[in-house]
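Line by line, the protein sequences give chains A and B. So for the first sequence, my numbering puts the first residue at 5; every next one is plus one. So for the second sequence, my numbering puts the first residue at 2; every next one is plus one. Ideal Cβ placement from N, Cα and C applies to all residues, glycine included.
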Amino acid sequence: MIDEEKKKEILEKLKRAVINYDEDGARDAAKEALEAGLDPAEAIFNGLVSGMEEVGRLFERQEYFVPELLMCADALYAGLDILKPHMKKLDLGIKGTVVIGTVEGDVHDIGKNIVKMMFDVAGFTVYDLGRDVPLDRFVEEQLRTDADLVCLSAMMTTTMVGMKKVIDEIKKRNPKAKIMIGGAPVSHDIAEKWGADGYAKDASNALKEAINMISALKKLKEDAEAKAVSE
Amino acid sequence: MSTISPKERVLNLFQKKEVDRIPCFSGMGNVTEYALKKMGHRFADIHLDAKKMAEASASTYELFGFECAVLPFDLCIEAEALGCEINVYAHSEGILYPTIKKKLINSEQEMEITIPDDLKKKGRIPLLVEAIKIAKNRVGNEVAIGSYVLGPFTLAGQVMDLNELLKLSFKKPDKVSLLLDLLADAIIMVAEELIDAGLDYLTVREMGATSDVLSPRVFKNLIQKPLIKVISRITIPSVLHICGKTNQIVQFMIETGATAISVDQKNDLAESRKTLGKDALIFGNLDPYNILVQGTTEKVREAVRKCIDDGASAIWPGCDIWPTIPPENFHAMMEEIKNYKGGDRS
C-alpha cells in the first residue's frame, strides 16, 4: 500500500508536469506512479486532469494562450500513454465509444482535439475522423461503431450549417445516439434548434465542458465504488 | 444629396481628407448568394474563372451600393502559388470556402523554404490579376477596387500544420521568425503584382494572430516585425485586419504603419478609439453572422448606429460578408449609414 505522503508527491508531480508543459516530467511521474503502486485512474484524474483544470484557469485568465494549451495537452498525453494501459475501464452503463471530427469545409481542429483528449482521459474508445470530414462519414462511422456519442466541430459559420444534416441523419438512423456540437459559431440556441444533446463554444469552453464531464464521470465512479464498499 | 462617388469617398478617407459621410465597404470577400443566383454561378465557380470572379466582386456594389469591389473570395491564393494543393469543393451545392488539402511544409525540418522567383506566375495569381483588371474596367470609375494578402503568420498556418506552428512559435521562435520573414518576401511579391494590376487599396489579413490564440506579447515579439516588412512595401493605402480579440494589440497593429486597421465585433471599438485617438482610421465592426445574417433589419440598423457612435471610421463587416446575408439586411445596412447623422463628422 502506497503511503499518503508519497501519493501526494507523485500526484503533484503529474499535475505540475501538465501545467509546465513538461512531457518528460509527465512520463517520469507516470512511471513513478506505476512503480509505487498508485491506482492509474487516480493518477490520471487527480494528477493529469487536475493539472489540466489549472491550465483551463490560466487560459481563462489569459496567462496561457493556445500554444501553451497545446503543449500542456502534449504533456498530458505523454503521461496518459503510460498510465492508460493499466487503467480499468470505468463502468458507466454505456459502451464509452465516441466518433469525433471537424465537418467538411473546416480545417480547424484545436477545439476538437481538446475535447478528444478528455474522452481519451475518461477511457472512451475514440474514433477520430480528423478535419474536413464529409458529412456522410459521420453517419457511416456512427453506424459502423455503434458509438454512444458523436461530436461535431466547426469553427466557421459556413461549415456549421452542415452539422444540422448530420444530426438529422443520425437521429433518424439511430435515435439513441447522443450528439454534441462545438465551435466558435455554435450557440445554445442553435444546439437546441438542431436537436443536439450538448454544445461547447470554443477551445476554453470545450476544455471547461469536457472537464465538467470528466468530473461528473469521476463522481459516478466514486459513487459506484463507495456503494461497492458499503455493500 | 451627395455628389461625390463612392470611390472618391473611400480614397478621401484613406488620405484622411474630409468625407461627407462614413463609407460602408470591406477589404474582404463580399459576394452574396442572392447575387450568385442572379448571375447563375455556383460559389465554387467564382474562384477559378477570372470573368466570374470579377463579376461576383462587382455584384455587391451593383445590387446594394456597397462601396467597393474586392477580390478574390478565398484565403488560399498565396499558399497555392507556393505549392500547396487546394480543395474548392467543386461538388458542393452550398457555400464551402476553399481550403488547403496538401501542405507545403510537413515537418520542422522543412521550414527553410525557398520562395520561387517567378511566384507571381504561379497558381491563380495570373487569374486574379486578370480578374482585377476586368473588375476595374467594369466598376473602377465608381468604386475603389480592393484585394487582400494574408499576413505572414496566417500564411504560415496555411502552408504548415497550424498546431505545430503554434507550438513552435513558443518552443522555437527563431525558426518561426525565419519562416515568417521568408513568407513576408513571398507576400510582398504577390502584393506588388496585385497593386500593378490597378488596385486602389490592399488589406493584409493576419487573423491567425488574434489574441484569442496568441498572447499580445508574442504578437509584439514575433508577429509585428514581418508585418511591418510587408506593409512598408505596400505603395497604396493598406488595411491591417485581425478578427477576434484585439483590444490589447490595436496599438501594435497601428505601429505596423498600415493606413487603417480593421477589427471585428469582439473588439470594443469605443475603447480602441480611446486608445488610438481621433485621427486613427479604424474600420469595423459589424457582426457578419449574428447580426447581418441572423438579425432583423432593425438589429442591423441598431448595429450600424452603434459602430458609428463607437467611432468607426468606416463601416466594415468583421469578416467576409457571409453569402447568405438576406438582401433586406444588406439594404438596411446601406440605408442606415446614409440616414444616421451620428456618423456625419463634417
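- In the three-state reduction of the DSSP assignment, B:C85 falls in the coil class.
- A:A230 sits exposed, since fewer than 16 C-beta atoms from the chains shown fall within 10 Å of its C-beta.
- The residue from B:N31, B:L14 and B:M29 with its alpha-carbon nearest to that of B:I23 is B:L14.
- Note on the region 38-74 of chain B: whole alpha helix (DSSP H) runs with a minimum of 4 residues are 51-65, in chain order.
- Of the candidates A:R141, A:D78, A:M56 and A:D152, A:R141 places its Cα closest to the Cα of A:G166.
- With respect to chain B, the C-beta atom of A:T161 has a partner C-beta closer than 7 Å.
- For A:D136, the neighbours in chain B by C-beta distance under 7 Å run, in chain order, T100.
- For the region 263-274 of chain B, the set of positions with a beta-carbon nearer than 7 Å to some beta-carbon of chain A is empty.
- Going by DSSP, A:W198 is part of the alpha helix (DSSP H) stretching over H192 to W198.
- Three or more Cβ pairs closer than 8 Å define a contact, and the region 318-337 of chain B falls short of that threshold against the region 191-201 of chain A.
- The beta-carbon separation of B:S263 and B:T204, rounded to 7 Å, stays under the 8 Å limit for a contact.
- The Cβ atoms of B:K168 and A:M75 lie closer than 7 Å to each other.
- In the three-state reduction of the DSSP assignment, B:I283 falls in the strand class.
- Annotated three-state conformation of A:L38 is helix, per DSSP.
- Under the three-state reduction of DSSP output, B:L215 falls in the coil class, being neither helix nor strand.
- B:G30 has its alpha-carbon roughly 15 Å from the corresponding atom of B:L200.
- At a cut-off of 7 Å, the C-beta of A:M56 has no neighbouring C-beta in chain B.
- Residues of chain A whose Cβ lies closer than 7 Å to the Cβ of B:V214 are, in chain order, F69 and V70.
- Per DSSP, B:I146 lies in no alpha helix (DSSP H) segment; the continuous beta strand (DSSP E) that holds it begins and ends at A145 to L151.
- Cβ neighbours of B:A187 within its own chain (closer than 7 Å, five residues either side excluded): E79, L83, I116 and L120.
- For the pair B:I255 and B:A271, the CB atoms are not nearer than the 7 Å cut-off.
- With three or more CB-CB distances shorter than 8 Å, the region 154-163 of chain B counts as touching the region 206-218 of chain B.
- Residues of the same chain with a CB within less than 6 Å of the CB of B:A36, apart from the 5 flanking positions on each side, are S60 and L64 in chain order.
- Rounded to whole angstroms, the Cβ separation of B:L72 and B:C85 is 20 Å, and the two are not in contact under 8 Å.
- Assigned with DSSP and collapsed to three states, A:M56 falls in helix.
- For A:L80, the nearest beta carbon of chain B is not closer than 7 Å to its own beta carbon.
- One finds N164 in chain B with Cβ atoms closer than 7 Å to the Cβ of A:I114, taken in chain order.
- Counting every other CB atom within 10 Å of its CB across the protein chains shown gives A:H192 a total below 16, marking it as exposed.
- If you look at A:T162, you'll find it in the alpha helix (DSSP H) that goes T161 to R177.
- Distance from the Cα of B:C244 is smallest, within the candidate group B:K221, B:E299, B:N138 and B:P289, for B:P289.
- Burial state of B:E111 is exposed, judged by a 10 Å Cβ sphere holding fewer than 16 other Cβ atoms.
- Shown in chain order are the members of the region 183-199 of chain A whose Cβ falls below 9 Å from a Cβ of chain B: A188, P189 and S191.
- With a threshold of 7 Å between beta carbons, B:S170 makes contact with chain A.
- Cβ contact annotation for B:I196 (same chain, cutoff 8 Å, sequence separation greater than five): L203, I235, T236 and I237, in chain order.
- Secondary structure of B:L203 (DSSP, three-state): strand.
- Annotation: A:E36 to A:Y81 spans about 16 Å, alpha carbon to alpha carbon.
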